[in-house]
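As structure tokens, the structure follows; a few thoughts come after it.
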Amino acid sequence: NAGVTQTPKFRILKIGQSMTLQCTQDMNHNYMYWYRQDPGMGLKLIYYSVGAGITDKGEVPNGYNVSRSTTEDFPLRLELAAPSQTSVYFCASRTRLGEAFFGQGTRLTVV
Amino acid sequence: GEDVEQSLFLSVREGDSSVINCTYTDSSSTYLYWYKQEPGAGLQLLTYIFSNMDMKQDQRLTVLLNKKDKHLSLRIADTQTGDSAIYFCAESKNRDDKIIFGKGTRLHILP
Numbered sequence: 381n382a383g384v385t386q387t388p389k390f391r392i393l394k395i396g397q398s399m400t401l402q403c404t405q406d407m408n409h410n411y412m413y414w415y416r417q418d419p420g421m422g423l424k425l426i427y428y429s430v431g432a433g434i435t436d437k438g439e440v441p442n443g444y445n446v447s448r449s450t451t452e453d454f455p456l457r458l459e460l461a462a463p464s465q466t467s468v469y470f471c472a473s474r475t476r477l478g479e480a481f482f483g484q485g486t487r488l489t490v491v
Numbered sequence: 072g073e074d075v076e077q078s079l080f081l082s083v084r085e086g087d088s089s090v091i092n093c094t095y096t097d098s099s100s101t102y103l104y105w106y107k108q109e110p111g112a113g114l115q116l117l118t119y120i121f122s123n124m125d126m127k128q129d130q131r132l133t134v135l136l137n138k139k140d141k142h143l144s145l146r147i148a149d150t151q152t153g154d155s156a157i158y159f160c161a162e163s164k165n166r167d168d169k170i171i172f173g174k175g176t177r178l179h180i181l182p
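Here the protein sequences line up with chains X and Y, keeping their order. Read left to right, the first sequence gives residues 381 to 491 (our numbering). Read left to right, the second sequence gives residues 72 to 182 (our numbering).
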């Protein structure tokens, strides 16, 4: 089982560029999440989705957008990259019983 | 608002027990989680407990929940060098709600 797969693993962006962080899961989970992790700050929720076609803002949504056209995929879009978006991004999906499984992360640097 | 607090560092001698503590503020939290993160890796679900339980044991791991005090602990028996990691406490109201994380406790193993 692949579980939760994130691509790319690493990326360097210039200020003002845009990119999409990909996340896909093969466990047929309805609930999916995007978090960012900054050193010593734990994980902050960016966006989440309770099913295809439904998304909601988390604690730190500014500068990001998401879509959920299928159960499997939950891409995160950065439109105008800023240095403050340098972080490690984690995607997660969750079972009906509440267990949440995380991808390996995308390390993004904005210069 | 919702908040999860945990101490940032813990040092333990190899072979001793480690106890990582966590407090949360939302009394309606239903799911309480412990995740482990090794350097450069994603988050691995160690265990979770429902709010209607007060203890859960899984091999070397014991989770204790004091719902009255909103206090959660993770005990690792016979701590090994492979247990060196950051441990995150997290909570969620229900299975389709966001998961709120603490900042993580870095466990350091002394020889």
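Glycine included, every Cβ here is placed at the ideal spot set by N, Cα and C.
Closest by C-alpha distance to residue i, when choosing among the options
i        : options                              : result
Y:Glu76  : Y:Glu162, Y:Leu178, Y:Asp125         : Y:Glu162
Y:Glu85  : Y:Ser99, Y:Ile147, Y:Cys93, Y:Phe159 : Y:Ile147
Y:Ile170 : X:Val384, X:Ile392, X:Tyr413         : X:Tyr413
X:Arg448 : X:Thr489, X:Asn442, X:Gln405         : X:Gln405
Residue i (DSSP reduced to helix, strand or coil)
i        : result
X:Thr475 : coil
X:Gln465 : helix
Y:Asp154 : helix
Y:Thr94  : strand
X:Gly431 : strand
X:Ser447 : coil
Y:Lys141 : coil
X:Asp436 : strand
Contacts around residue i, its chain only, beta-carbon distance under 6 Å, and the 5 residues preceding and following it disregarded
i        : result
Y:Asp125 : Leu136
X:Tyr415 : Leu423, Leu425, Phe470
Y:Leu114 : Tyr106, Gln108
Y:His142 : Thr94
For residue i, the first and last residue of its enclosing beta strand (DSSP E)
i        : result
Y:Met126 : 126–129
Y:Lys107 : 102–108
Y:Leu116 : 114–121
X:Met399 : 399–405
X:Gln484 : X:Gln484 -> no beta strand (DSSP E), and no H or E assigned at all.
Y:His179 : 176–181
Cut-off 7 Å between Cβ atoms - residues of its own chain near residue i, not counting five sequence neighbours on either side
i        : result
X:Glu439 : Lys424, Leu425
Proximity test, residue i beta-carbon vs the ligand PLP heavy atom, cut-off 7 Å
i        : result
X:Gln484 : Among the components modelled here there is no ligand, and therefore nothing to report on the ligand PLP.
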